[in-house]
Structure formats: structure tokens, C-alpha cells
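Numbering (the working numbering), first residue to last: 17 to 272.
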Amino acid sequence: MADRVHPADSPRPSTSSTVSDSKPPSPPPGTYVIQLPKDQIYRVPPPENAHRFQLYTRRKQRRNRCCSCLFWLLGILTVLVILLGIAVAVFYLVVRPKSPNYSIDAIAISGLNLTASSSSVISPVFDLTVRADNPNKKIGIYYQTGSSVRIYFSDEKLSEGVLPDFFQPSKNVTVFRSSVRGSGVNLSSTAKNTLIDSQKRRAVALKVEIRAPIKLKIGSVKTWEMKVKVICDVTVDQLTAAAKIVSKNCDYSVKL
């Protein structure tokens, strides 16, 4: 038998890898390149800036705490305002408060018989009849000690007095009288001449100012003391005991 001839293994080409290590270009003369680990660059400040970094970190933490406290404070205030609004709404729906009404029903005057030749020093007396109307169904009013009643003509005070102390229940109209007196009032020449001229025209404009401390009674609860101020513009036809009111207008305000 003939010998079997095997093809010779073809020689494998030898691959010689010629990888040339490429070097970065050299920096320009006079410069230096310093290589540091990445985590050290971003997380660890240089020693000369360590104190500044700690100070900045503390400020940031304090700022965050302040913002958090401010947020909670605003939240608490918002809740309190909402609760207060709900309480006021419930109070209004239950109590239905209404404004009281005041008026001057009558006025009798003495000590003001002025003439051109009479003295400018006067001691007038005003007997006032005041009407107070409380229309509320569930609110009573205590009129306390410390009230005052003043009467003016052309911004000059003619007399002064007080109101009686009393309690006005709900749905009540109270009519009370107050004697308001002046002693040794020295009128200016302008006010005296204007007063005499007003008598001739039968239209003397007076201003009645009432101030009184009050307390409200709501059910069995009595509130703190408040100040009520009533100003009435009253015009009378003459300055005598038989004076009649020609016109009147009263307004009031409450100082809580």
C-alpha cells in the first residue's frame, strides 16, 4: 500500500503586534501638571480652605434649619387663621350680632340767654333725653362707670356730664336722662356772635359727644371692657327749656 500522504500544515502567519505606546504631548515650558485622585479633588478641600469649607457647611445647615422652622411657623399660623375664621363664622351664625342705635329724643336748655350786651361768660345746663336701642336677641350691654357727655358749639365745649350706669338686656329700648352742666365757660367773641345769630335764625347747631365703657353679655359670658363713642349732630330752634329738635343725626363707633 502506498503511504498516505497528509498535507503539511500550512504555517500560520506570525502576527507580531507592534503597539507603540503613545505619550501625551509635553506641556509648554514653564508649566506643571499635577495629577490627583478624583475623589480627593471633589471631596477634600485643600488645607488652606478647610476652615472656609467648614464655615460654609455650617451656614448652609443653619439656613436649612431656619427654612424648616419658617415653613412650620407659616403652617401653624395658617391653621390658626383658619380656625379663627371658623370660630368667627360660627359665632356670627349663632349670635347674629346687630349694631345698637342711639338718638337724642329731647333737650332742654337753660343759662344761655345771650344778647349783644350780655357777658361772654356762661354757665349753661342741658337736660338730655337719650334713647338707646339694643336690637340683639342674645347680647346684653353693661354701661360701666367712667362715661362722659360733652356738648359743643362751633368746637367750643359748653358743658360736660356723665351717663348713669345700667344694664340693657337684649331686645330692649332704654330711655335715660342726663344733666350736662357747664360752669364759667368763656365764649370767644366769634362763637358768641355766631350763637346769637343762630338763635335769630332759629337753627342752633350743637354737637353731643358721648363716651362710655361697656361690656357685652353673651349668654352667661361677659366680655372684656370696650369703649363706645356716640356723636350726635343736633339742631334746635331756641336755647330755652322749651327747645325743640329741628334735625338730628347720630353715629357711633366701638373701640375694642
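The beta-carbon is built from N, C-alpha and C at its ideal position, and this holds for glycine as well.
Because the structure is a prediction, the values reported are computed rather than measured.
Best match in the options for proximity to residue i [C-alpha to C-alpha]
i      : options                           : result
ARG218 : VAL262, GLU241 and VAL244         : VAL262
VAL111 : LEU232, ASP267 and ASP171         : LEU232
ALA228 : GLU241, LEU222 and ASP213         : GLU241
ASP143 : LYS260, CYS266 and ILE98          : LYS260
ASP171 : VAL141, THR190 and LEU211         : LEU211
SER269 : SER236, ILE234, GLY101 and CYS248 : CYS248
ASN209 : THR190, VAL97, PHE169 and ASP181  : PHE169
TYR118 : LEU89, THR190 and LYS216          : THR190
ASP267 : LEU96, LYS173, PRO116 and VAL237  : PRO116
LYS216 : ALA132, ILE92, CYS83 and ASP181   : ALA132
ALA122 : PHE192, CYS85, ALA105 and GLY101  : PHE192
Beta-carbon proximity check, residue i vs residue j, cutoff 7 angstroms
i      : j      : result
GLY177 : SER199 : no
ILE167 : VAL224 : yes
ALA257 : ALA124 : yes
ASP264 : VAL252 : According to the sequence shown, residue 264 is Lys rather than Asp. Not in contact: LYS264 and VAL252 (Cβ atoms no closer than 7 angstroms).
Presumed contact (8 angstroms Cβ cut-off) between residue i and residue j, rounded CB distance
i      : j      : result
VAL244 : ILE230 : 5 angstroms
VAL141 : ILE120 : Going by Cβ atoms, the distance from VAL141 to ILE120 rounds to 16 angstroms, so no, they are not a contact pair.
VAL196 : SER175 : 5 angstroms
ILE226 : LEU255 : With 8 angstroms as the limit, ILE226 and LEU255 do not qualify as a contact, their Cβ atoms being about 21 angstroms apart.
ILE234 : LYS154 : 6 angstroms
Closer than 6 angstroms: residue i CB and nearest the ligand MN heavy atom
i      : result
ILE125 : Annotation note on the ligand MN: not contained in the displayed structure, which lists no ligands.
Only counting runs of 3 or more residues, tell me where the beta strand (DSSP E) segments fall wholly within the segment 78 to 138, in order along the chain.
-> The segment 78 to 138 contains these whole beta strand (DSSP E) runs: 117 to 126.
Counting Cβ pairs closer than 8 angstroms, one from the segment 174 to 185 and one from the segment 139 to 156, do we hit at least three?
Yes: the two stretches touch, three or more of their Cβ pairs being nearer than 8 angstroms.
Sufficient close CB pairs (3 or more, under 8 angstroms) joining the segment 201 to 211 to the segment 116 to 136
Output reads yes: the segment 116 to 136 touches the segment 201 to 211.
Note to self: Three Cβ pairs or more, each shorter than 8 angstroms: is that satisfied between the segment 125 to 134 and the segment 157 to 166?
What the structure shows: No, they do not touch.
Unbroken beta strand (DSSP E) runs of length 3 or more, entirely within the segment 228 to 268: which are they?
-> Note on the segment 228 to 268: whole beta strand (DSSP E) runs with a minimum of 3 residues are 242 to 252, in chain order.
- Item | Secondary structure, beta strand (DSSP E): runs of 3+ residues fully inside the segment 141 to 206 | Correct list: 141 to 150, 155 to 159, 164 to 169, 172 to 177, 182 to 184 and 188 to 197.
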